[in-house]
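Student: I have a structure I would like to understand better, so I am pasting it below and will then ask my questions one at a time.
Numbering (the numbering used here), first residue to last: 120 to 326.
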């Protein structure tokens with residue numbers, strides 16, 4: 120299985136002693152990633168970006184190259200195992216799970232421990248607020264930095280339209296309400312009632 124995991128050693132993380140920490144980067148979506156500290160630090164000049172390993176000419180004062188690369192390989196395999204476990208068990212927030220679980224001395228065999236199981240089962244037991252407007256508001260907030268203002272306006276308009284339709288039909292709208300019949304009647308409302316009511320309001324200002 121191809122996992123979005125790779126070691127990185129970047130200049131932007133350079134420290135006062137001229138070294139940069141090597142991190143294992145896990146990209147769990149197109150926009151989200153987590154960095155895991157390997158506690159291995161070298162001058163970034165000695166990082167081989169093509170081979171994703173420490174260069175053979177690393178000065179001995181920074182450690183034994185073979186030993187450091189072997190340790191890095193071990194850490195990468197560890198992260199891969201944790202990520203594979205998260206994916207296999209369909210954990211809702213894999214990035215948070217991996218970051219919380221990862222330790223340099225972590226034993227893979229403990230992934231089936233009660234503590235880990237509770238992390239997996241927690242989302243299933245968590246009570247979700249099923250208020251449709253609250254969920255829409257949360258969705259809109261989650262998109263504020265990802266979509267245009269015009270698109271956000273469309274989302275907010277839909278929220279207002281649903282509330283108007285709920286008032287019109289005198290019955291609370293829930294997720295269970297959303298079926299083809301609901302969609303059909305909602306479209307009729309927007310076409311023949313909601314729009315006309317808005318026009319009447321505008322016309323009243325003109326009189």
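C-beta: ideal position from N, C-alpha, C; glycine also.
Could you give the distance in angstroms between the alpha-carbon of residue 183 and the alpha-carbon of residue 258?
Tutor: Indexing the chain shown from 1 puts residue 183 at position 64. Indexing the chain shown from 1 puts residue 258 at position 139. When rounded, the distance between both Cα atoms is 50 Å.
Student: So, are the CB atoms of residue 202 and residue 217 less than 7 Å apart?
Tutor: For the purposes of this step, residue 202 is taken as residue 83 along the chain shown, with counting starting at 1. For the purposes of this step, residue 217 is taken as residue 98 along the chain shown, with counting starting at 1. Contact: yes.
Student: So is residue 267 buried or exposed if we call it buried at 16+ other beta carbons inside 10 Å?
Tutor: Sequence index remark: in the chain shown, residue 267 carries index 148 (1-based). Under this definition residue 267 is an exposed residue.
Student: Going by C-alpha distance, which of 210, 161, 197 is nearest residue 222?
Tutor: Within the chain shown, numbered from 1, the residue matching residue 222 stands at position 103. Restricting attention to 210, 161, 197, the CA atom closest to the CA of residue 222 is found in 197.
Student: Exposed or buried, residue 145, counting other C-beta atoms within 10 Å across all chains shown (16 or more means buried)?
Tutor: Along the chain shown, one-based indexing puts residue 145 at 26. Its Cβ being crowded by 16 or more others within 10 Å, residue 145 is buried.
Student: Under 7 Å between the Cβ atoms of residue 274 and residue 213?
Tutor: Taking the first residue of the chain shown as position 1, residue 274 is located at position 155. Taking the first residue of the chain shown as position 1, residue 213 is located at position 94. No. Outside cutoff.
Student: As a quick exercise: from 270, 300, 305, 297, pick the residue whose alpha carbon is nearest that of residue 412.
Tutor: Because the chain here runs from 120 to 326, residue 412 falls outside it and cannot be looked at.
Student: Using a Cβ-Cβ cutoff of less than 6 Å, which residues in the same chain neighbour residue 328 once the five nearest sequence positions on both sides are dropped?
Tutor: This structure leaves residue 328 out entirely; the chain is present only between 120 and 326.
Student: Identify the continuous beta strand (DSSP E) that holds residue 125 and give its terminal residues.
Tutor: As a first step, residue 125 must be located in the chain shown, where it is residue number 6. 124-127 is the extent of the beta strand (DSSP E) around residue 125.
Student: Measure the alpha-carbon distance for residue 231 versus residue 295 and round it to whole angstroms.
Tutor: Locating residue 231 in the chain shown gives position 112, counting from the first residue. Locating residue 295 in the chain shown gives position 176, counting from the first residue. Straight-line Cα distance between these residues: approximately 36 Å.
Student: Could you say which of 219, 265, 128 lies nearest to residue 174 if we only look at CA atoms?
Tutor: Numbered from 1 along the chain shown, position 55 holds the residue referred to as residue 174. Comparing Cα positions, the closest option is 128.
Student: Going by the DSSP bridge assignment, what does residue 152 pair with across the sheet?
Tutor: Locating residue 152 in the chain shown gives position 33, counting from the first residue. Answer by DSSP bridge pairing, in chain order: 146.
Student: Start and end of the alpha helix (DSSP H) containing residue 193?
Tutor: In the chain shown, the residue the question calls residue 193 occupies position 74. 184-207 is the extent of the alpha helix (DSSP H) around residue 193.
Student: Helix, strand or coil for residue 141? Go by DSSP, reduced to three states.
Tutor: Taking the first residue of the chain shown as position 1, residue 141 is located at position 22. In this structure, residue 141 counts as strand in the three-state DSSP scheme.
Student: Taking the straight line between their C-alpha atoms, what separation do you get for residue 159 and residue 219?
Tutor: Position 40 of the chain shown, counting from 1, holds the residue named residue 159. Position 100 of the chain shown, counting from 1, holds the residue named residue 219. The alpha-carbon atoms of residue 159 and residue 219 are separated by roughly 20 Å.
Student: For residue 303 and residue 261, what's the separation of their Cα atoms in angstroms?
Tutor: Position 184 of the chain shown, counting from 1, holds the residue named residue 303. Position 142 of the chain shown, counting from 1, holds the residue named residue 261. Each residue's Cα considered, the two are about 28 Å apart.
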